[in-house]
Amino acid sequence: MRTLQEVRCALGLIALEWEDDALAAVHLAAPFPALPPARGHAAVASALVRYARSGRPDPAKLPVKLLRGKLTDFQWRVLRALMRVPQGKTCTYADLARIAGSPLAARAVGQVMRRNPWPVIVPCHRVLASGGAGGYSGAGGLPMKRKLLALEGVVVPREGAC
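Right, dumping it as structure tokens:
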């Protein structure tokens with residue numbers, strides 16, 4: 000059964016969608032799915048609040064089981080590779096394609112980032128375009144991406160800046 004856990008933090012109101020003990024999705028903006036409230040998972044909520052306040056702990060290291068759902072093998076490989084990018088570091092779409100074992104698939108990696116069901120937890124904000132920040136399809140768009148990177152001590156120059 001799917002349940003919803005709302006977490007209020009410095010990033011705003013976030014909803015964690017659970018299926019039993021696995022995290023099915025992270026919603027960064029309302030409207031949230033109409034689901035019964037989640038029971039438990041307090042450790043994950045507390046860690047997210049601490050991360051939003053201080054940039055610690057690394058959300059990719061939180062003790063959560065991800066609900067793979069309908070992800071293809073390629074999507075799963077890319078997201079698992081992304082979780083190996085250390086906190087406070089970034090990579091490009093091309094770098095991530097290479098790490099995931101598909102060096103010519105940078106554009107496809109961008110599509111995986113756009114559809115990431117677990118933003119913040121699976122830190123797609125750490126993936127940059129070769130010429131700058133790139134995009135961020137999560138709630139808040141590019142300003143949210145910059146905020147998440149700043150929490151981790153990363154400053155991304157504005158496109159076109161020297």
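Sequential numbering of the sequence shown, starting at 0, is according to numbering that gives the first Met the number 0.
Think of the CB as a built atom: it goes at the ideal place given N, C-alpha and C, for glycine as much as any other residue.
Taking its Cβ as the centre, do 16 or more other Cβ atoms sit within 10 Å of residue i, making it buried, or is it exposed?
i           : result
residue 0   : exposed
residue 110 : exposed
residue 162 : There is simply no residue 162 to check, as the chain begins at 0 and stops at 161 in what is shown.
residue 122 : buried
Distance check for residue j and residue i, CA to CA, integer angstroms please.
i           : j           : result
residue 155 : residue 132 : 6 Å
residue 105 : residue 145 : 21 Å
residue 118 : residue 149 : 16 Å
residue 77  : residue 36  : 31 Å
residue 18  : residue 62  : 15 Å
residue 25  : residue 12  : 11 Å
Output needed for residue i: all residues of its chain with C-beta closer than 6 Å, excluding positions within five of it in sequence on either side, in chain order.
i           : result
residue 138 : 27 and 28
CB-CB under 7 Å to residue i, same chain, minus the five flanking residues each way: which ones, in chain order?
i          : result
residue 75 : 67
residue 94 : none
residue 20 : 64
Just checking my contact of residue i with residue j at CB under 8 Å: how many whole Å lie between their CB atoms?
i           : j          : result
residue 125 : residue 89 : 5 Å
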